[in-house]
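Heads up: the protein sequence lines correspond to chains A and B, in order. By my numbering, the letter at position 149 of the first sequence is numbered 154, and the numbering carries on one by one without gaps. By my numbering, the letter at position 4 of the second sequence is numbered 117, and the numbering carries on one by one without gaps. Right, one structure below, let's go through it.
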Amino acid sequence: MTGHDRACARLGGTARGGISAQRTSGRARCATRRSEYPGGVTSLAATPAASPPAGHAAATGSSAPFTSDELASIRSQFPILGREVNGHPLAYLDSAATAQKPLRVIEAESAFYRESNAAVHRGAHTLAGEATELYEDARRTVAAFLAVDENEVVFTSHATEALNLVAYALGTASIGRGAGASAAAAPYGLHAGDEIVVTELEHHANLIPWQELAARTGATLRYIPVHDDGTLDLDAAASIIGDRTRALALAHVSNVTGATLPLEVLVPLARAVGALVVLDACQAAPHLALHPRELDVDIAVFSGHKLYGPTGIGVLYGRAELLNALPPFLYGGSMITTVTMERAEYLPSPQRFEPGTPRIAQAIGLAEAVRFVSELGLDRIAASEHALTERMLAGLARIPKIRVLGQPSPAPRVGLASIVVDGVHAHDAGQVLDEVGIAARVGHHCAQPLHRRFGVTASLRLSLGVHSTADEVDRALAAVASIRPFFGLSEGATS
Amino acid sequence: MSGLEQLYQQIIIDHSKHPHGVGLDAGEETSHQRNPVCGDEITLALRWDAEGAHIDSVAWEGAGCSISQASASLLATLAEESADEGTAWTPDELTALIDEFREALRSRGATPLDEERFGDAAALSGVSKYVARVKCAMLAWVAAEDLLQRRGGPAA
Chain A
6 MTGHDRACAR
16 LGGTARGGIS
26 AQRTSGRARC
36 ATRRSEYPGG
46 VTSLAATPAA
56 SPPAGHAAAT
66 GSSAPFTSDE
76 LASIRSQFPI
86 LGREVNGHPL
96 AYLDSAATAQ
106 KPLRVIEAES
116 AFYRESNAAV
126 HRGAHTLAGE
136 ATELYEDARR
146 TVAAFLAVDE
156 NEVVFTSHAT
166 EALNLVAYAL
176 GTASIGRGAG
186 ASAAAAPYGL
196 HAGDEIVVTE
206 LEHHANLIPW
216 QELAARTGAT
226 LRYIPVHDDG
236 TLDLDAAASI
246 IGDRTRALAL
256 AHVSNVTGAT
266 LPLEVLVPLA
276 RAVGALVVLD
286 ACQAAPHLAL
296 HPRELDVDIA
306 VFSGHKLYGP
316 TGIGVLYGRA
326 ELLNALPPFL
336 YGGSMITTVT
346 MERAEYLPSP
356 QRFEPGTPRI
366 AQAIGLAEAV
376 RFVSELGLDR
386 IAASEHALTE
396 RMLAGLARIP
406 KIRVLGQPSP
416 APRVGLASIV
426 VDGVHAHDAG
436 QVLDEVGIAA
446 RVGHHCAQPL
456 HRRFGVTASL
466 RLSLGVHSTA
476 DEVDRALAAV
486 ASIRPFFGLS
496 EGATS
Chain B
114 MSGLEQLYQQ
124 IIIDHSKHPH
134 GVGLDAGEET
144 SHQRNPVCGD
154 EITLALRWDA
164 EGAHIDSVAW
174 EGAGCSISQA
184 SASLLATLAE
194 ESADEGTAWT
204 PDELTALIDE
214 FREALRSRGA
224 TPLDEERFGD
234 AAALSGVSKY
244 VARVKCAMLA
254 WVAAEDLLQR
264 RGGPAA
C-alpha cells in the first residue's frame, strides 16, 4: 500500500461528517488513484494472461496443483467422503453452499467440549482460563490469516449476522445513538439524500440488510447492474458511485457465476468519495488469500462453514477505528464496562460486538480449519481448483443445450459454475445428479435478482473444494450430459 | 425401475410437458403458493357448480419443476374425471383427498397412493421417497386446501 493509498483509506474512514468541502477535497486527492485504472480495468478482467492484482484472482501457474498423492491424503482427512449416496461414492460438488469438514476440525470442536468446556471472559477457575485462552487463540489465528489485528476480528454466528451487524450499527448511528457516551458513531449515520450502493449480483444477505437500512434512514439504495455475461457494468458504477454514496457493499466473488469482482476498480471509486466499503468475502475466503487491508476495504465478512469450519460461526473484520466508533448490534452481558439502571458504557471491539456467551467451540473449530487451509496453502488450493475449473468449463461447453451463467472463461474466478439445462428445470436436473451420488446445489442460490437478470428462476450449481478430483468433475459432466436424454429431450428440441 | 424412473414416470413427464387445466380467468379467487427453495409457483382456482356445493373443475397457472407442474395438472385431471363421472367433489371429499395425498407423500415410500382414488395422480407415489421433492408435489394441493379453508373449512 502506498502512502497515497493510506491517505485515501484514512479519508474513507474519517471524512463522513457531511462537510462537502472535505469530501470534495478528498475526491480530488484520490483522483490520481482512480486514474491508474483508466479503462484498463475491463481489459484486465478479459485477459486471463494479465497478472492479476494481489489477492484478487486465483493463482494461475505460479503454484503447482496438488499431486495425486497429496490429493489422496487431503481426501483421507474428510470422513464424509468415504460414504456412498444412492449406491455411488459421494461426489460432493456443493462446497459453495457449505464445505465438508476435515477430521481435525471435528476433533478440535469435540476436544473443547470433552476437555476444556467453560464460559469465556468470566470466572476465574482453571477451565475458564483455558477456554478463554483457546477462544482468544482462535481469534489470533483468524487475525493472522487475514493479516489484521486481533481487535479487528469479531466472531458472529454467520456471515449473514456479520452483515446485519454492520447495517444495524449504521442504522443506530443514524438515529444519533452511539456506543454509550461516545459520539464517535455520528459521522457514520445515514440520512435522506445519502446513498448506499450494492451490485445486482449480491447474495440476499448482502442486499436485504441494506434495503432495510435504507428504509429506516431515508437513504436510497442503488445498485450497479450486470451485463448479460454476468460482469458488472463498470461505466454505470462510475456514475452511480458519487458524492452521495456513503457505503458500497459488494461481493468479492459471485456465488452464482464464480467470477471475481473487479475490486481494483470499484474500491477506489468508493474511496474517492469517502464511502465505507463492505466486502462479502464468503465465496472468496476458501479459494483466495483474503487480505482486507490490501484490498483497502473497511469491512470484510466470511462464514466459517464454507471454509471447512463448523456451522454457527462467522467472521467480521472491521478497521479498528470503525469498529470502535460503531454502536453495538446486540446488547447484554460481556460487552459492557459500567451498567447503571439508566444506561451502559460499552467495551471496545471485539467484545462490544460479542454479547452473551459466544460461539466458543465453533471459533476453536474454525481456527483449526484456518490452520488446515493455511497448511495446504491458498496458492496451491487455487492452482488445483483452477485446473479443475478449466476442465469443468471445457466439459460443459461440449454438452449441447447447456447454458453457463456468467462468463464461461476460467479466470479470474473460483471453482464453481451455475448452469441451466435447456428444457429441464434445475430441480429436475439436480435429481439426475443425486441419483448417481453427486451433490450439487439447485435453486436460486439466494440470488434471486441475478437469476431474474439472467431470465431464469433457478440454476444447477457445481462447486469445487480442496478435495475435488478430476474424476468427480468427469462424473458430473457425464451426469449433466445425461439429463436431457433422461427427460426424453433430443439434442435439437427444446421441449 | 430405478428410483429416478419411479420418480419421473412417463405420466409425470407427459403432464409436465402437456399440462391440463391451465388458464385462469381474470378476477376469480385464487390461491398463490410458492416454494422459496426453488422458485416453483402455482396459482390455482377451484371452480364450483351453480349451488356452490361441488367442484366442477380445477384451473391453474404456474412455473417450476416437472413434479410441481405435473402434480397440478394431475389434480386438475382428477377433478375433471370426478365431475365427468357425476361424482364431483364436495369440500369434505376434496379435503379428505388432500389429507390422504399428504399422508402418502410424507410416508417415505411406505404408503403408496391408491390408484382407485387418485387415478393417474397415483404416479406421484414415487415422490415420497425424495423428501426434498415432497413440497414440489404438494404445491397445487396446498393451494386447493388454502381455498377450502378460506371458504370456512369443510362443512361439519
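C-beta: ideal position from N, C-alpha, C; glycine also. Bear in mind the structure is a predicted one, so any value in this text is a computation, not a measurement.
In whole angstroms, give me the CA-to-CA distance for residue i and residue j.
{"i": "residue 494/A", "j": "residue 71/A", "result": "39 Å"}
{"i": "residue 252/B", "j": "residue 439/A", "result": "22 Å"}
{"i": "residue 110/A", "j": "residue 459/A", "result": "38 Å"}
{"i": "residue 453/A", "j": "residue 461/A", "result": "9 Å"}
{"i": "residue 175/B", "j": "residue 376/A", "result": "49 Å"}
{"i": "residue 418/A", "j": "residue 250/A", "result": "28 Å"}
{"i": "residue 198/A", "j": "residue 220/A", "result": "12 Å"}
{"i": "residue 139/A", "j": "residue 194/A", "result": "36 Å"}
{"i": "residue 241/A", "j": "residue 85/A", "result": "45 Å"}
{"i": "residue 403/A", "j": "residue 106/A", "result": "33 Å"}
{"i": "residue 12/A", "j": "residue 196/A", "result": "With a pLDDT of only 36 at residue 12/A, under the threshold of 50, the placement of this residue in the model should not be trusted, and no figure is reported."}
{"i": "residue 213/A", "j": "residue 194/B", "result": "46 Å"}
{"i": "residue 104/A", "j": "residue 315/A", "result": "9 Å"}
Compare the C-beta of residue i with all C-beta atoms of chain A and state if any pair is closer than 8 Å.
{"i": "residue 252/B", "result": "no"}
{"i": "residue 247/B", "result": "no"}
{"i": "residue 244/B", "result": "no"}
{"i": "residue 189/B", "result": "no"}
{"i": "residue 171/B", "result": "no"}
{"i": "residue 222/B", "result": "no"}
{"i": "residue 179/B", "result": "yes"}
{"i": "residue 201/B", "result": "no"}
{"i": "residue 150/B", "result": "yes"}
{"i": "residue 157/B", "result": "no"}
{"i": "residue 120/B", "result": "yes"}
{"i": "residue 176/B", "result": "yes"}
{"i": "residue 168/B", "result": "no"}
{"i": "residue 124/B", "result": "no"}
Looking only at its chain, what residues have a beta carbon closer than 7 Å to the beta carbon of residue i, apart from the 5 residues adjacent to it on each side?
{"i": "residue 272/A", "result": "282, 300, 301, 302"}
{"i": "residue 332/A", "result": "174, 177, 178, 182, 183, 184, 190"}
{"i": "residue 243/B", "result": "120"}
{"i": "residue 187/B", "result": "128, 233, 234, 237"}
{"i": "residue 137/A", "result": "125, 126"}
Going by beta carbon distance, what residues of the same chain come within less than 6 Å of residue i, once the five residues before and after it are set aside?
{"i": "residue 394/A", "result": "415, 420"}
{"i": "residue 189/B", "result": "133, 134, 171"}
{"i": "residue 145/B", "result": "156"}
{"i": "residue 29/A", "result": "With a pLDDT of only 36 at residue 29/A, under the threshold of 50, the placement of this residue in the model should not be trusted, and no figure is reported."}
{"i": "residue 411/A", "result": "235, 262, 264"}
{"i": "residue 254/A", "result": "203, 211, 215, 283"}
{"i": "residue 271/B", "result": "Nothing about residue 271/B can be reported from this structure: the residues present for chain B run from 114 to 269 only."}
{"i": "residue 159/A", "result": "321, 355, 358"}
{"i": "residue 224/B", "result": "217"}
{"i": "residue 163/A", "result": "308, 319"}
{"i": "residue 19/A", "result": "Caution is warranted here: a pLDDT of 35 is assigned to residue 19/A, below 50, making its placement in the model unreliable, and the coordinate value is therefore given only provisionally. None."}
{"i": "residue 400/A", "result": "482"}
Kindly indicate if chain B contains any beta-carbon less than 8 Å away from that of residue i.
{"i": "residue 160/A", "result": "no"}
{"i": "residue 436/A", "result": "yes"}
{"i": "residue 447/A", "result": "yes"}
{"i": "residue 431/A", "result": "yes"}
{"i": "residue 279/A", "result": "no"}
{"i": "residue 492/A", "result": "yes"}
{"i": "residue 96/A", "result": "no"}
{"i": "residue 165/A", "result": "no"}
{"i": "residue 103/A", "result": "no"}
{"i": "residue 463/A", "result": "yes"}
Taking 7 Å as the cut-off, is the beta-carbon of residue i closer than that to any non-hydrogen atom of the ligand ATP?
{"i": "residue 356/A", "result": "Here there are no bound small molecules, and the ligand ATP is not part of this structure."}
Using a Cβ-Cβ cut-off of 8 Å (strictly less than) and excluding sequence neighbours within five positions of residue i, which residues of its own chain qualify?
{"i": "residue 360/A", "result": "333, 335, 336, 337, 338, 339, 340"}
List the residues that DSSP assigns as beta-bridge partners of residue i.
{"i": "residue 424/A", "result": "409/A, 465/A"}
{"i": "residue 122/A", "result": "Paired residue(s): none; residue 122/A is not in a bridge."}
{"i": "residue 307/A", "result": "320/A"}
{"i": "residue 174/B", "result": "156/B"}
{"i": "residue 146/B", "result": "155/B"}
{"i": "residue 281/A", "result": "252/A"}
{"i": "residue 202/B", "result": "168/B"}
{"i": "residue 229/A", "result": "204/A"}
Identify the contact partners of residue i in chain C, using a Cβ-Cβ distance below 8 Å as the criterion.
{"i": "residue 440/A", "result": "The chain inventory of the structure shown lacks chain C, comprising the protein chains A and B."}
- request: Could you tell me whether the stretch 147-159 of chain A touches the stretch 283-298 of chain A, where touching means 3 or more Cβ pairs closer than 8 Å?
  value: yes
query: At a cut of 8 Å, does the stretch 255-264 of chain A reach the stretch 356-364 of chain A through at least three beta carbon pairs?
result: Too few Cβ pairs lie closer than 8 Å, so no.
query: Hey, is the stretch 107-123 of chain A in contact with the stretch 486-493 of chain A, meaning 3+ C-beta pairs nearer than 8 Å?
result: no
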